[in-house]
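Chemist: Be aware that the sequence shown starts at 1, since it is given in the UniProt record's numbering, and climbs by one per residue.
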Amino acid sequence: MKVIVTGGAGFIGSNYVHYLMEKTDHSVVVLDKLTYAGNMASLEGLPAERCSFVKGDICDAGLVDELVAGADAVVHYAAESHNDNSLDDPRPFLDTNVIGTFTLLEAVRRHGVRYHHISTDEVYGDLELDDPERFTESTPYNPSSPYSSTKAASDLLVRAWVRSFGVQATISNCSNNYGPYQHVEKFIPRQITNVLRGERPKLYGAGENVRDWIHANDHSSAVMTILEKGAIGETYLIGADGEKNNKQVVELILTHLGQPSDAYDHVKDRPGHDLRYAIDSSKLRSELGWTPQYADFDSGLAATIDWYRDNESWWAPQKDATEARYAAQGQ
Numbered sequence: 001m002k003v004i005v006t007g008g009a010g011f012i013g014s015n016y017v018h019y020l021m022e023k024t025d026h027s028v029v030v031l032d033k034l035t036y037a038g039n040m041a042s043l044e045g046l047p048a049e050r051c052s053f054v055k056g057d058i059c060d061a062g063l064v065d066e067l068v069a070g071a072d073a074v075v076h077y078a079a080e081s082h083n084d085n086s087l088d089d090p091r092p093f094l095d096t097n098v099i100g101t102f103t104l105l106e107a108v109r110r111h112g113v114r115y116h117h118i119s120t121d122e123v124y125g126d127l128e129l130d131d132p133e134r135f136t137e138s139t140p141y142n143p144s145s146p147y148s149s150t151k152a153a154s155d156l157l158v159r160a161w162v163r164s165f166g167v168q169a170t171i172s173n174c175s176n177n178y179g180p181y182q183h184v185e186k187f188i189p190r191q192i193t194n195v196l197r198g199e200r201p202k203l204y205g206a207g208e209n210v211r212d213w214i215h216a217n218d219h220s221s222a223v224m225t226i227l228e229k230g231a232i233g234e235t236y237l238i239g240a241d242g243e244k245n246n247k248q249v250v251e252l253i254l255t256h257l258g259q260p261s262d263a264y265d266h267v268k269d270r271p272g273h274d275l276r277y278a279i280d281s282s283k284l285r286s287e288l289g290w291t292p293q294y295a296d297f298d299s300g301l302a303a304t305i306d307w308y309r310d311n312e313s314w315w316a317p318q319k320d321a322t323e324a325r326y327a328a329q330g331q
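Structure below.
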């Protein structure tokens, strides 16, 4: 197949492009706007005969139509995704996450191209810390930030285009990703790179907020499984049973890097910080036969720490500006 990967120079998208290059014989066209979160260095070393790059905006209807006309499938990763940024300036989230998705849907509708939509578990809101339940495909949407609300809107657009226009689409909502090529503004790489620089990690509030972590390679394998086997119009939740609170994650990072587990600082909590996310991925596993490689969070975290230790040249250019921005926010 010829697959368009939007946002393929970003964190999760670039991991998916690497996965396709290693595990399939598909060719890929990466469409990326190269905002601050996109990084061409994340695509270095990929075979030029199978992977090409187009700098462009998914809201550019003419460009999108031209690319989609020659493709077999579109996998839509491109998104504004940082909650703190959405609280500071929501407008880019509306443009990219809503209008961008609409533009792609219209293009795949015109050309009859298979479409897979990448979304987040944050559309479901959050759970109480002691709630025994987890999110399922039937959990009502209850987003709590500009970011999650625009992702919820994009999911609903996809469902409407399937029902109203017969678009050949599937949706996946995934839990929090970690792994190579993640911008240092994000929680896990921020803490890892702080320790590698001899600085103390930063923990929002009391650190009790729980996330259901999944390695980006496992997300990639799940998406490929859905693209190949998923039923049109269906939604699949992707998770690896990796629930950890933020305090546990920071302490594990410190331990892996040979530091005392309490060598971190508490900082001001984020406004509207969701308490807990938890994914029930049993539909994906039972119906499509998917299983994660990194079922053990600790082993996946160790591999991620090794990658950041070995790739300082990739993350160092981002680090100072990121920490200056957090310092200005008291975080």
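We treat Cβ as the ideally placed atom computed from N, Cα and C, and that holds for glycine.
The structure displayed is predicted, hence computed values, not measured ones.
With H, G and I counted as helix, E and B as strand and the rest as coil, what does DSSP make of residue 310?
Modeler: By one-based count along the sequence shown, residue 310 stands at place 310. In this structure, residue 310 counts as helix in the three-state DSSP scheme.
Chemist: Classify residue 108 as helix, strand or coil using the three-state DSSP reduction.
Modeler: Within the sequence shown, the letter at position 108 stands for residue 108. Residue 108 falls in the helix class under three-state DSSP.
Chemist: Could you name the residues that DSSP lists as bridge partners for residue 229?
Modeler: Position 229 of the sequence shown, counted from the first residue, corresponds to residue 229. Paired residue(s): none; residue 229 is not in a bridge.
Chemist: Write down every uninterrupted run of the beta strand (DSSP E) in the stretch 92-177 whose length is 3 residues or greater and which is fully enclosed by it, in chain order.
Modeler: Runs of the beta strand (DSSP E) inside the stretch 92-177: 114-120, 169-174.
Chemist: If we count the other Cβ atoms within 10 Å of its Cβ and call it buried at 16 or more, is residue 312 buried or exposed?
Modeler: For the purposes of this step, residue 312 is taken as residue 312 along the sequence shown, with counting starting at 1. That one is exposed.
Chemist: Which same chain residues, not among the five before or five after residue 107, have their C-beta less than 6 Å away from its C-beta?
Modeler: For the purposes of this step, residue 107 is taken as the residue at position 107 of the sequence shown. Here the set comprises 64, 65, 68.
Chemist: Sorted by chain position, which residues of the same chain lie with C-beta nearer than 7 Å to residue 179's C-beta, five sequence neighbours on each side aside?
Modeler: Working through the sequence shown from its first residue, we reach residue 179 at position 179. Hits under 7 Å: 15, 215, 216, 217, 304.
Chemist: What separation, rounded to the nearest whole angstrom, lies between the Cα atoms of residue 255 and residue 264?
Modeler: Translated into the one-based positions of the sequence shown, residue 255 becomes position 255. Translated into the one-based positions of the sequence shown, residue 264 becomes position 264. Straight-line Cα distance between these residues: approximately 12 Å.
Chemist: Could you check which residue in 186, 191, 259, 272 has the C-alpha nearest to that of residue 80?
Modeler: On the sequence shown, residue 80 is found 80 positions in, with the first residue counted as 1. Checking every option, the nearest Cα to that of residue 80 belongs to 186.
Chemist: Can you tell me where the alpha helix (DSSP H) with residue 415 in it begins and where it stops?
Modeler: The structure shown does not extend to residue 415, since the chain is modelled only from 1 to 331, so the question has no answer here.
Chemist: By DSSP's criteria, residue 3 is part of a beta bridge. Which residues make up the other side?
Modeler: Taking the first residue of the sequence shown as 1, we reach residue 3 at position 3. Its beta-bridge partners are 28, 73.
Chemist: Quick check on the burial criterion: 16 or more other C-beta atoms within 10 angstroms. Buried or exposed for residue 319?
Modeler: As a position in the sequence shown, residue 319 is number 319, starting the count at 1. So residue 319 counts as buried.
Chemist: Considering only the alpha carbon of each residue, which of 315, 209, 285 lies closest to residue 269?
Modeler: Locating residue 269 in the sequence shown gives position 269, counting from the first residue. Checked all of 315, 209, 285; the closest Cα to residue 269 is 209.
Chemist: Give me the Cβ distance between residue 166 and residue 77, rounded to the nearest whole Å; I'm assuming they're in contact under 8 Å.
Modeler: The residue given as residue 166 occupies position 166 in the sequence shown. The residue given as residue 77 occupies position 77 in the sequence shown. Residue 166 to residue 77, Cβ: 24 Å. No contact.
Chemist: Do residue 278 and residue 129 have their C-beta atoms within less than 7 Å of each other?
Modeler: Your numbering for residue 278 matches position 278 in the sequence shown. Your numbering for residue 129 matches position 129 in the sequence shown. It is not a contact, given that the beta carbons lie outside the stated cut-off.
Chemist: Does residue 55 pass the burial test, meaning 16 or more other C-beta atoms within 10 Å, or should it be called exposed?
Modeler: The residue labelled residue 55 in the question sits at position 55 within the sequence shown. Counting Cβ neighbours within 10 Å, residue 55 comes out exposed, since fewer than 16 surround it.
Chemist: My guess is that residue 8 and residue 31 are in contact by the Cβ rule of under 8 Å, so how many angstroms apart are they, rounded?
Modeler: To locate residue 8, count along the sequence shown from 1; it is residue 8. To locate residue 31, count along the sequence shown from 1; it is residue 31. Between residue 31 and residue 8 the Cβ distance is about 7 Å, and since that is below 8 Å, they are a contact.
Chemist: Tell me the DSSP secondary structure of residue 210 in three-state form.
Modeler: Here residue 210 refers to the residue found at position 210 when the sequence shown is read from its first residue. Three-state DSSP puts residue 210 in a strand.
Chemist: Output yes or no for whether 7 Å exceeds the beta carbon distance between residue 150 and residue 230.
Modeler: Sequence index remark: in the sequence shown, residue 150 carries index 150 (1-based). Sequence index remark: in the sequence shown, residue 230 carries index 230 (1-based). Their beta carbons are not under 7 Å apart, which means residue 150 does not touch residue 230 by this criterion.
Chemist: Quick one: Cα of residue 286 to Cα of residue 280, how far?
Modeler: Here residue 286 refers to the residue found at position 286 of the sequence shown. Here residue 280 refers to the residue found at position 280 of the sequence shown. Spanning the two alpha carbons is a distance of roughly 11 Å.
Chemist: Pull up the distance between the alpha-carbon of residue 156 and that of residue 46, whole angstroms please.
Modeler: In the sequence shown, residue 156 corresponds to position 156, counting from 1. In the sequence shown, residue 46 corresponds to position 46, counting from 1. So the two alpha carbons sit approximately 34 Å from each other.
Chemist: Can you name the residues that DSSP bridges to residue 245?
Modeler: In the sequence shown, counting from the first residue as 1, residue 245 sits at position 245. In DSSP, residue 245 forms a bridge with 210.
Chemist: Within its chain, find whatever has a CB closer than 6 Å to the CB of residue 83; leave out the 5 residues flanking it on each side and keep chain order.
Modeler: Stepping through the sequence shown from its first residue, residue 83 is reached at position 83. 145, 147, listed in sequence order.
Chemist: Does the distance from the C-beta atom of residue 87 to that of residue 271 stay below 7 Å?
Modeler: Residue 87 sits at position 87 when you count from the first residue of the sequence shown. Residue 271 sits at position 271 when you count from the first residue of the sequence shown. Yes, these two residues count as a Cβ contact at 7 Å.
Chemist: Could you name the residues of the same chain whose beta carbon sits closer than 6 Å to that of residue 168, not counting the 5 residues immediately before and after it, in chain order?
Modeler: Position 168 of the sequence shown, counted from the first residue, corresponds to residue 168. Result list for residue 168: 114, 232, in chain order.
Chemist: Please classify residue 68: does DSSP put it in a helix, a strand, or coil?
Modeler: Position 68 of the sequence shown, counted from the first residue, corresponds to residue 68. Residue 68 falls in the helix class under three-state DSSP.
Chemist: Does DSSP put residue 19 in a helix, in a strand, or in coil?
Modeler: Translated into the one-based positions of the sequence shown, residue 19 becomes position 19. Three-state DSSP puts residue 19 in a helix.
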